[in-house]
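Same order as they appear, the protein sequences are chains A and B.
The first sequence lines up with residues 1 to 376 when you count with our numbering.
The second sequence lines up with residues 377 to 752 when you count with our numbering.
C-beta: ideal position from N, C-alpha, C; glycine also.
Below is one structure; the comments refer to it alone.
Protein chains: 2
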Amino acid sequence: MRGLVVLGSTGSIGRQTLDIVRRFPDRFRVIGLAAGSNREALRQQIEEFKPELGFFLGSEQPIAVSDKTYRFVSMEEMVAHPAVEIVMVGTVGRVGLAPTLAALRAGKTVALANKEVVVMAGEMVVAEAQRCRTTILPVDSEPNAVWQCLRGENDEDISRVIVTASGGPFRHRAPEELQQVTQQEALNHPTWRMGKKITVDSATLMNKGFEVIEAHHLFNLPYRKIEVVIHPESMVHSMVEFRDGSVKGVICPPDMRMPIQYALSYPHRWANPDIPRLDPVSVGHLTFEPLDPSRFPCYQVALEAGKAGGTYPAVLSAADEVAVEMFLFRQIGFLDIAKLVKAALDAHHPVRQPSLEDILAADAWAREFTANQVPT
Amino acid sequence: MRGLVVLGSTGSIGRQTLDIVRRFPDRFRVIGLAAGSNREALRQQIEEFKPELGFFLGSEQPIAVSDKTYRFVSMEEMVAHPAVEIVMVGTVGRVGLAPTLAALRAGKTVALANKEVVVMAGEMVVAEAQRCRTTILPVDSEPNAVWQCLRGENDEDISRVIVTASGGPFRHRAPEELQQVTQQEALNHPTWRMGKKITVDSATLMNKGFEVIEAHHLFNLPYRKIEVVIHPESMVHSMVEFRDGSVKGVICPPDMRMPIQYALSYPHRWANPDIPRLDPVSVGHLTFEPLDPSRFPCYQVALEAGKAGGTYPAVLSAADEVAVEMFLFRQIGFLDIAKLVKAALDAHHPVRQPSLEDILAADAWAREFTANQVPT
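See below:
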């Protein structure tokens with residue numbers, strides 16, 4: 001039995017993680033569940049999985065459940081519990097950073113779906129994992145595919161990582177129409193069902209920029225070895241080219257339970273008939289197209305911030321988080337997301353080799369700066 | 377420096393193997409070269425690579441070269457030379473069987489491109505490799521891809537192997553036109569440049585049946601776990617599905633130098649700019665279609681023989697070798713290949729759990745039987 005904590009347990013990743021736990025009840029003991037927006041869903045999960053520890057963002061009052069034995073604690077305390085072996089970080093945005101660092105410092109394996117953690121503080125998070133001799137397992141389908149392709153391979157043999165991008169719902173939309181797209185349209189992803197933030201990030205391709213930054217840190221690759229290609233079917237989740245010209249890819253239907261389960265079962269693989277199977281004939285075609293960065297300013301901005309390093313990626317992530325929220329609340333148009341993020345990056349005074357405090361300060365500054373912008 | 381023997385050195389696999397040796401001259405010492413049809417090409421290779429040992433089929437007289445120090449020996453003696461570490465079996469048809477067994481018995485690593493060896497005597501060859509604690513490395517692009525996908529994985533996690541087939545030049549040809557196709561058309565493979573025998577086998581899809589039998593033996597898989605799908609671009613060389621639904625594939629341009637080099641460099645990978653790189657965007661589409669066995673009787677016949685086991689696969693391989701030769705000499709039509717092979721299988725009295733003698737007897741019987749058939 002592996003002691004498991006799920007952060008963001010009522011979100012898309014959290015619910016699918018608990019689906020895996022339901023399928024393999026003898027393999028896991030749920031030690032803690034943490035959520036931030038759906039109190040009733042968390043209550044039901046606590047009733048069902050009976051964790052020792054619970055957390056609900058902004059509340060110190062435990063949620064009432066029939067079994068009164070569980071305690072409400074902070075996420076940092078939850079992840080450090082001695083019975084915890086693996087922490088699924090399924091939160092969104094900045095909120096996952098502190099508990100991720102706490103989990104690594106307590107020597108826990110971190111299954112990381114909350115990619116903003118690596119975008120904001122990639123060097124620090126990777127260094128902490130190394131220092132504490134523990135591991136970050138990527139849950140996001142693209143870096144998870146890269147990680148699978150690297151299984152049994154040597155890092156020095158990697159010549160290139162090819163990250164695939166569905167292109168989102170606006171791949172064929174004329175650039176002049178993009179400002180007018182509705183929230184509904186942006187939330188209608190062609191291949192993946194995900195949370196709202198990541199779905200909008202997928203429509204802007206900010207998400208793909210984040211993944212490039214994530215791959216840079218998690219696989220210790222220079223940016224020149226990371227390539228992005230548009231692949232509308234989302235069946236090839238990413239590829240790795242080795243120096244002898246061989247390329248491995250992970251090819252299967254888009255379903256997050258596969259990478260979630262792989263992170264939880266690693267180094268084993270467990271039979272799970274719930275996970276859909278590849279049928280190449282019914283897929284018919286796998287398509288690859290170039291990514292035109294001029295159509296996706298968020299992608300460009302993300303790459304520049306990633307390459308600039310320092311506190312720039314923290315500003316990128318924070319400004320994007322605020323701008324996406326403004327878009328979802330209909331305060332700004334779709335193209336304003338990139339404009340607001342770029343404005344924050346342009347106005348930022350970066351810190352090189354930032355401490356956690358520097359990163360959090362840059363994050364706070366970028367949030368305030370972005371929230372106060374009036375889109376033109 | 378790895379001591380290397382190349383059997384079939386003047387053929388397609390042999391020449392490409394020596395290309396790899398030329399690219400990495402410090403890594404190999406060529407101990408022996410054996411060929412069977414091109415005396416002048418072998419002479420040039422002996423001049424260039426200065427092996428200690430040479431062999432030319434049907435000749436005990438050494439080919440004259442300026443350096444007189446090399447000796448002419450049998451292939452069995454060549455592969456057992458103490459300085460040999462790895463033997464590339466790049467021969468075609470039956471001729472590779474005895475030297476493969478000799479190499480395994482001498483504890484040498486066998487890089488096997490001559491798939492008929494495994495078709496004829498799969499159980500025996502695999503058992504010999506195990507008994508002699510050595511390894512058979514598949515060079516053929518499809519099993520090589522499967523082998524690469526299994527790197528770092530556990531055999532018990534394999535749920536399915538998906539072998540891809542280009543479909544050959546007659547994928548869209550009406551069945552009633554197939555009898556009239558010319559030797560030229562059959563030798564014009566859409567994606568691969570190979571020797572004549574394997575090119576005709578690819579047009580009939582006998583080759584794909586052989587590969588299924590090969591995968592069954594080399595990866596110890598029941599036939600129900602091996603699937604074939606038509607993939608005209610020959611970029612996805614095969615895929616492996618694991619029990620958690622994840623599928624890995626090897627995806628790169630069709631060029632035999634990649635799998636040849638992988639077998640020679642394993643477990644390392646060497647940078648080789650001669651090998652073409654995958655450009656997913658220029659590929660554009662990867663297509664998958666069902667294989668219609670009714671269009672490819674050789675494929676059906678091969679699968680039946682493989683599943684029947686015993687001496688049937690030896691008869692399959694021998695009858696096909698003769699029938700393809702008859703087709704190439706314009707003695708029979710294209711569809712007669714399947715008919716002759718089927719006739720031999722139907723007339724054969726099989727031996728269960730055959731010895732090498734049984735296999736060679738079945739092979740000899742099938743050759744004579746097939747050569748004496750008059751196509752209807």
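| query | result |
| --- | --- |
| With 16 other Cβ atoms within 10 Å as the buried cut-off, status of B:Gly543 | buried |
| Separation of B:His725 from B:Leu394, as counted between CA atoms | 42 Å |
| Chain-ordered chain B contacts of A:Val250 [CB-CB under 7 Å] | Ser622, Val623 and Lys624 |
| Collapsed DSSP secondary structure at A:Lys248 in the structure displayed | strand |
| Identified DSSP bridge partners for A:Leu101 | None, per the DSSP bridge assignment. |
| Secondary structure of A:Met235, DSSP reduced to three states | coil |
| DSSP beta-bridge partners of A:Thr164 | A:Val229 |
| Residue-chain proximity (A:Thr69, chain B), Cβ-Cβ < 9 Å | no |
| Meets three-Cβ-pair contact criterion under 8 Å: the region 622-640 of chain B and the region 232-251 of chain A | yes |
| Length at least 3, wholly inside the region 124-189 of chain A: the beta strand (DSSP E) runs in chain order | 136-138 and 158-165 |
| A:Gly306, enclosing alpha helix (DSSP H) - first and last residue | Pro297 to Ala308 |
| Anticipated Cβ contact below 8 Å, B:Val463 with B:Val471, distance rounded | Their Cβ separation, rounded to whole angstroms, is 14 Å, which puts B:Val463 and B:Val471 out of contact at 8 Å. |
| Reduced DSSP category for A:Arg352 - H, G, I as helix; E, B as strand; rest coil | coil |
| Endpoints, the alpha helix (DSSP H) within which A:Leu42 is located | Arg39 to Phe49 |
| Cβ-based neighbour list, B:Ser610, same chain, cut-off 6 Å, excluding 5 preceding and 5 following | Ser542, Thr567 and Pro630 |
| Cβ pair count under 8 Å reaching 3, the region 713-722 of chain B against the region 584-594 of chain B | no |
| C-beta atoms of A:Ala362 and A:Ala308 nearer than 9 Å | no |
| Counted within 10 angstroms of its Cβ, other Cβ atoms place B:His592 as buried (16 or more) or exposed | buried |
| Contact the region 477-488 of chain B vs the region 429-444 of chain B: 3+ CB pairs below 8 Å | no |
| Residue closest to B:Asn520, alpha-carbon to alpha-carbon, out of B:Pro666, B:Thr663, B:Val659 and B:Tyr642 | B:Tyr642 |
| Cutoff 8 Å; reference A:Ser66; Cβ partners in own chain excluding five residues on either side | Glu47 |
| The region 557-564 of chain B in contact with the region 485-497 of chain B per 3-pair CB rule at 8 Å | no |
| Straight-line Cα distance separating B:Ser413 from A:Val236 | 44 Å |
| Residue interval of the alpha helix (DSSP H) (run including B:Arg645) | Taken as a continuous stretch (DSSP letters only), B:Arg645 belongs to no alpha helix (DSSP H), as it is neither H nor E. |
| Under 7 Å (Cβ pairs) to chain B, residues found in the region 19-30 of chain A | none |
| Any chain D beta carbon closer than 9 Å to B:Asp631 | The displayed structure is made up of protein chains A and B, and chain D is not among them. |
| Under 8 Å (Cβ pairs) to chain B, residues found in the region 283-314 of chain A | Val283, Gly284, His285, Leu286, Thr287, Phe288, Glu289 and Pro290 |
| Span separating the alpha-carbon of B:Phe595 from that of A:Glu40 | 50 Å |
| Closer than 9 Å to chain A by CB, B:Pro652 | yes |
| B:Met454, enclosing alpha helix (DSSP H) - first and last residue | Met451 to Ala456 |
| Beta carbon of A:Ala98 nearer than 9 Å to that of A:Glu76 | yes |
| Exposure label - B:Phe546; buried when at least 16 CB within 10 Å | buried |
| B:Val495 and B:Gly571 closer than 9 Å at C-beta | no |
| C-alpha distance - B:Gly379 paired with A:Val351, whole-angstrom precision | 56 Å |
| Cβ neighbours of A:Val126 in the same chain (closer than 6 Å, five flanking residues each side left out) | His217 |
| Neighbour flag for B:Asp533 against chain A, beta carbons, 9 Å | yes |
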